[in-house]
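Inspection log for the structure reproduced underneath, given as structure tokens.
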Amino acid sequence: MTCRTYEIGSLQQYKYVVILSEYKGDILLSRHKYRTTWETQGGHIEFGEEPLDAAKRELYEESGAIDFEIEPLCDYSAGVEGTEDWANGMVFHAIIRKLEGIPAREMAETGQFNVLPQNLTYPEITPVLFQYLFDHRKSCEFAKGH
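1229 is the number that my numbering gives to position 17 of the sequence shown; each next residue is one higher, with no gaps.
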């Protein structure tokens, strides 16, 4: 599987949202109740739903976040090279101020990390998206300094 990032709004047709979440200065990931691996919050955009609304819904459903700031970060496409098995999504960045219990649906727990753990559900995608976030931060800091 390969993951590519694009400037926000480049792809226009989206199937998924991914939220790169921070809580108290750490990366906040979720663990699905049927897996032992960690993942970002996110999922399918429902019919008629805007990506931002899907991101807010998924963030709450998969982390219990009730007070947060969220904004679009980039577009991404993930798939298998040499095939037509690709899907587009929009990536959001969230700063969470308050969590409550995770709704009892998919996720078993959340975890805070100062670096990405090795046991990721999507190891070909998650590091690429977080690298985009870190690079984006550096370019914003550079622009502010000049």
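Every residue, glycine too, gets a C-beta built ideally from N, C-alpha and C.
The structure presented is a predicted model; accordingly, all values stated were derived computationally and were not measured.
{"Query": "Compute the Euclidean distance between the alpha carbons of Arg1309 and Leu1328, then round it to the nearest angstrom.", "Result": "20 angstroms"}
{"Query": "State the Cα-Cα distance for the pair Leu1264 and Leu1223, rounded to the nearest angstrom.", "Result": "15 angstroms"}
{"Query": "Ala1267 and His1256: beta carbons closer than 9 angstroms?", "Result": "no"}
{"Query": "Taking the beta strand (DSSP E) that Ala1277 falls in, what are its first and last residues?", "Result": "1277-1291"}
{"Query": "What does the Cβ neighbour count give for Asp1297, buried or exposed, with the cut at 16 atoms within 10 Å?", "Result": "exposed"}
{"Query": "Compute the beta-carbon to beta-carbon distance between Leu1271 and Ala1277, rounded to the nearest angstrom, for a pair I have assumed lies under 8 angstroms.", "Result": "5 angstroms"}
{"Query": "Thinking just about the alpha-carbon of each residue, which of Met1213, Glu1219, Leu1232 is nearest to the one in Leu1341?", "Result": "Leu1232"}
{"Query": "Report all residues from its chain with a CB closer than 7 angstroms to the CB of Phe1325; omit the five preceding and five following residues, and keep chain order.", "Result": "Asp1238, Ile1239, Leu1241"}
{"Query": "What residue range does the beta strand (DSSP E) around Val1230 cover?", "Result": "1228-1235"}
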